[in-house]
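Asker: Structure incoming, see below.
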Amino acid sequence: MQRAMFLLASAAILTVRALPGATGPVTVVIQTSLGSIEVQVDTVHAPATSANFLKYVDSGAYNGGQFHRTVKPDNQPRNQVKIEVIQAGAAPGAPGFPPIALERTSVTGLSHLDGVISMARDGPDTATSDFFICVGNQVSLDFGGNRNPDGQGFAAFGRVTKGMDVVRRIQAAPAEGQTLAPPIRIVGIKRIDVR
Numbered sequence: 000m001q002r003a004m005f006l007l008a009s010a011a012i013l014t015v016r017a018l019p020g021a022t023g024p025v026t027v028v029i030q031t032s033l034g035s036i037e038v039q040v041d042t043v044h045a046p047a048t049s050a051n052f053l054k055y056v057d058s059g060a061y062n063g064g065q066f067h068r069t070v071k072p073d074n075q076p077r078n079q080v081k082i083e084v085i086q087a088g089a090a091p092g093a094p095g096f097p098p099i100a101l102e103r104t105s106v107t108g109l110s111h112l113d114g115v116i117s118m119a120r121d122g123p124d125t126a127t128s129d130f131f132i133c134v135g136n137q138v139s140l141d142f143g144g145n146r147n148p149d150g151q152g153f154a155a156f157g158r159v160t161k162g163m164d165v166v167r168r169i170q171a172a173p174a175e176g177q178t179l180a181p182p183i184r185i186v187g188i189k190r191i192d193v194r
């Protein structure tokens, strides 16, 4: 069964406050079975979404997770607005946290451009652990974009600074429809100290 890009989540909503002492981006490395992807998490412009993602990183929830979905122009026949992304999630059985409020791009000023990382969701205020990375500019995923009928967009919260070649290898990996077959393993995601 094909996994949808959007996670169904419980009705509980959690609003996450800005990271204590957040003064700039936090760098994380996503180590996959196909190589490493370095991401700057924007704790200043998207504090709530960044805090949520980093909570999953710090808990180890992504260790053993996987990139499970690839979206390309040729595998979304029912969508009038085409996008290109890869999507990943936490390891099976990893600890979960309540959904967070949607941090709209109209508020953060961020946009779904090439290499931007964003939270997957079902409806507004349902994002939990699944995230996706844009391959090319995907502004239809911004607030007011026409990818989803609700027009609320997705919560962009950072960008890839190294490893877009790995992102593109994941997107091009074998798939059945949009489901990567087999999924690409996440060895781990960790913060790194960049000085």
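Numbering that gives the first Met the number 0 puts the sequence shown at residues 0 to 194.
Note that the Cβ used here is the ideal one computed from N, Cα and C, for glycine as well.
In chain order, which beta strand (DSSP E) runs of at least 3 residues are fully inside the stretch 62 to 149?
Answerer: DSSP runs (the beta strand (DSSP E)) wholly in the stretch 62 to 149: 65 to 70, 84 to 88, 115 to 118, 130 to 133.
Asker: So, with DSSP's three-state summary, where would you put residue 188?
Answerer: Three-state DSSP puts residue 188 in a strand.
Asker: Can you tell me where the beta strand (DSSP E) with residue 155 in it begins and where it stops?
Answerer: It spans 154 to 161 - the beta strand (DSSP E) in which residue 155 sits, taken as one unbroken run.
Asker: Among residues of its own chain, excluding the 5 on either side of residue 135, which ones have a beta-carbon nearer than 6 Å to its beta-carbon?
Answerer: The answer, listed in chain order, is 83, 113.
Asker: I need the straight-line Cα distance from residue 42 to residue 100, nearest angstrom please.
Answerer: Rounded to whole angstroms, residue 42 to residue 100 spans 15 Å at the Cα level.
Asker: Would you tell me roughly how many angstroms separate the C-alpha atoms of residue 53 and residue 177, rounded to the nearest one?
Answerer: Those two C-alpha atoms are separated by around 27 Å.
Asker: Is residue 50 close to the ligand MN? I mean its beta-carbon at under 7 Å from any heavy atom of the ligand.
Answerer: The ligand MN is not part of this structure, which contains no ligands at all.
Asker: If I measure Cβ to Cβ from residue 143 and keep anything under 8 Å in the same chain, skipping five residues before and after, which residues do I get?
Answerer: These residues qualify, in order along the chain: 105, 150, 152.
Asker: Which residue from 90, 156, 185 puts its Cα closest to that of residue 31?
Answerer: Out of 90, 156, 185, 185 has the C-alpha closest to the C-alpha of residue 31.
Asker: To the nearest angstrom, how far is it from the Cα of residue 191 to the Cα of residue 72?
Answerer: Using only the alpha carbons, I get a separation of about 34 Å.
Asker: So, are the CB atoms of residue 159 and residue 183 less than 8 Å apart?
Answerer: Going by C-beta atoms, residue 159 is not nearer than 8 Å to residue 183.
Asker: For the beta strand (DSSP E) containing residue 40, list its first residue and its last residue.
Answerer: Per DSSP, residue 40 belongs to the beta strand (DSSP E) from 34 to 40.
Asker: Measuring only the C-alpha atoms, how far is residue 171 from residue 66?
Answerer: Taking the straight line joining both Cα atoms gives about 12 Å.
Asker: Using the Cα positions of residue 68 and residue 78, report the straight-line distance between them to the nearest angstrom.
Answerer: Approximately 16 Å between the Cα atoms of the pair.
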